[in-house]
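Asker: Position one of the sequence shown corresponds to residue 1 (full-length UniProt numbering), numbered consecutively onward. Below is a structure I'd like to ask you about.
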Amino acid sequence: MELRHLRYFVAVAEAESFTAAARSLNISQPPLSQQIRDLEAEVGTRLFERSSRNVELTEAGADFLEHARMILGQVEHATRQARAIGSGQVGALNIATTGSVLLGPLSNLIARFRDAWPGVFVRIHEMDPEAQEAALLSHRTDLSFVRRPRNHPDLVANVAWHEKVGIALPEHHRLADFGKIALGDLRQESFVFLRLADSRFARYLHDCCVAAGFVPDITNEVVESYSLTSLVAAGLGVALVPECIRTLSRPGVVYRPLADPAPEADVYVISRPNPGPVIAAFLEAAQGSPGKRIDAGVR
Numbered sequence: 001m002e003l004r005h006l007r008y009f010v011a012v013a014e015a016e017s018f019t020a021a022a023r024s025l026n027i028s029q030p031p032l033s034q035q036i037r038d039l040e041a042e043v044g045t046r047l048f049e050r051s052s053r054n055v056e057l058t059e060a061g062a063d064f065l066e067h068a069r070m071i072l073g074q075v076e077h078a079t080r081q082a083r084a085i086g087s088g089q090v091g092a093l094n095i096a097t098t099g100s101v102l103l104g105p106l107s108n109l110i111a112r113f114r115d116a117w118p119g120v121f122v123r124i125h126e127m128d129p130e131a132q133e134a135a136l137l138s139h140r141t142d143l144s145f146v147r148r149p150r151n152h153p154d155l156v157a158n159v160a161w162h163e164k165v166g167i168a169l170p171e172h173h174r175l176a177d178f179g180k181i182a183l184g185d186l187r188q189e190s191f192v193f194l195r196l197a198d199s200r201f202a203r204y205l206h207d208c209c210v211a212a213g214f215v216p217d218i219t220n221e222v223v224e225s226y227s228l229t230s231l232v233a234a235g236l237g238v239a240l241v242p243e244c245i246r247t248l249s250r251p252g253v254v255y256r257p258l259a260d261p262a263p264e265a266d267v268y269v270i271s272r273p274n275p276g277p278v279i280a281a282f283l284e285a286a287q288g289s290p291g292k293r294i295d296a297g298v299r
């Protein structure tokens with residue numbers, strides 16, 4: 001049974017005339033009559049009572065009409081849905097990120113995207129960068145936002161936004177009144193740090209300290225940047241943090257910018273090559289146009 005059989009049947013049933021139905025379908029009457037006979041043969045019963053004056057549905061035909069309309073309606077809905085998904089108007093978008101990245105522009109970016117694409121459901125997955133990469137490669141997520149992406153031949157990255165690294169200090173620290181602080185001025189300080197074993201960003205900050213002439217004295221390590229502020233408030237050390245951490249405004253903690261050249265906390269958006277329309281639309285909103293592969297030199 002083909003969909004055209006159902007369309008022809010519904011047209012005849014609604015017009016109560018083969019002639020009128022053929023005219024509305026823009027076909028001649030003999031092929032239409034043959035198509036209806038073929039449909040009745042396949043169904044195994046008569047669907048119409050025919051006379052010289054009119055065409056009436058049999059009891060079986062009346063019941064079949066309800067099902068035919070429902071099937072055609074479902075096909076039409078499925079077609080519209082497929083076209084909408086194909087054009088990026090509807091769908092789902094799974095974004096992986098860390099809690100500290102959510103403190104930055106990402107939330108505003110998602111809000112603007114949802115205004116422009118209300119049919120797309122956005123789901124956030126908070127996970128560490130290594131888990132993000134695995135989820136992206138296994139298609140469990142569609143995009144990742146990380147600070148120090150690993151060079152991977154099967155992934156594409158672009159800078160989503162630029163961010164600097166600052167220093168979080170206890171409010172009564174000796175450097176708290178400085179406008180800007182050089183990284184080398186912190187050589188005598190105790191540090192609280194992101195966990196070096198888990199974070200490429202933490203290892204980058206550690207390398208920046210070494211380049212400034214000292215190895216940081218790390219007293220405690222945590223998983224998330226915003227957790228560092230609790231340790232700073234407790235007097236356990238100072239912390240190198242992305243600018244977005246300033247939005248936390250934690251009592252007992254002050255934030256100061258680092259003098260140039262300051263470490264960077266740029267956030268990259270990571271995707272698989274050849275993204276679908278929904279992902280491509282978000283990438284365009286995030287950084288203009290997708291597609292620049294991570295350079296081997298990205299830290």
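Note that CB positions come from ideal geometry on N, CA and C, so glycine has one too.
Assign V75 to buried or exposed, taking buried as 16 or more other Cβ atoms, counted over all protein chains shown, within 10 Å of its Cβ.
Answerer: Exposed is the call here.
Asker: Going by CA-CA distance only, name the one from L169, V210, F178 that's closest to R187.
Answerer: The shortest Cα separation from R187 among L169, V210, F178 belongs to V210.
Asker: Tell me whether the region 218-231 and the region 190-201 touch, counting them as touching only if at least three CB pairs, one residue from each stretch, are closer than 8 angstroms.
Answerer: A contact exists between the region 218-231 and the region 190-201.
Asker: Would a C-beta distance cut-off of 8 angstroms place V254 and E171 closer than the cut-off?
Answerer: A contact, by the Cβ cut-off of 8 angstroms.
Asker: On a CA-only basis, which of Q34, P263, A234 is nearest E243? Give me that one, please.
Answerer: Comparing Cα positions, the closest option is P263.
Asker: Where in the region 95-166 do unbroken runs of the alpha helix (DSSP H), each at least 4 residues long, occur, reported from the N-terminal end onward?
Answerer: If we require 4 residues or more, the alpha helix (DSSP H) runs fully inside the region 95-166 come out as 99-102, 106-116, 129-137.
Asker: From this set, V165, A281, A22, V278, which residue's C-alpha is nearest V101's C-alpha?
Answerer: Of the listed residues, the one whose Cα sits closest to V101 is V165.
Asker: Under DSSP, the beta strand (DSSP E) around S249 begins and ends at which residues?
Answerer: No beta strand (DSSP E) contains S249, which DSSP labels as neither H nor E.
Asker: Could you tell me the distance, in whole angstroms, from the CA atom of E16 to the CA atom of R272?
Answerer: Whole-angstrom Cα-Cα distance: 55 angstroms.
Asker: Considering only residues of the same chain and omitting the five flanking positions on each side of L25, which have a CB-CB separation below 8 angstroms?
Answerer: Here the set comprises R7, Y8, A11, L32.
Asker: In this structure, what does DSSP give as the bridge partners for R256?
Answerer: Answer is I167, bridged to R256.
Asker: To the nearest angstrom, report how far apart S138 and H67 are at their CA atoms.
Answerer: Whole-angstrom Cα-Cα distance: 41 angstroms.
Asker: So, is R148 buried or exposed, given that buried needs 16 or more other C-beta atoms within 10 angstroms?
Answerer: Under this definition R148 is a buried residue.
Asker: Taking all protein chains shown into account, do 16 or more other C-beta atoms lie within 10 angstroms of the C-beta of D142, making it buried, or fewer, making it exposed?
Answerer: It counts as buried.
Asker: How many angstroms separate the CA atom of E163 from the CA atom of P129?
Answerer: Looking at the two C-alpha atoms, the distance is approximately 18 angstroms.
Asker: With DSSP as the reference, label A92 as helix, strand or coil.
Answerer: A92: strand per DSSP, three-state reduction.
Asker: I36 by DSSP, collapsed to three states: which one?
Answerer: In this structure, I36 counts as helix in the three-state DSSP scheme.
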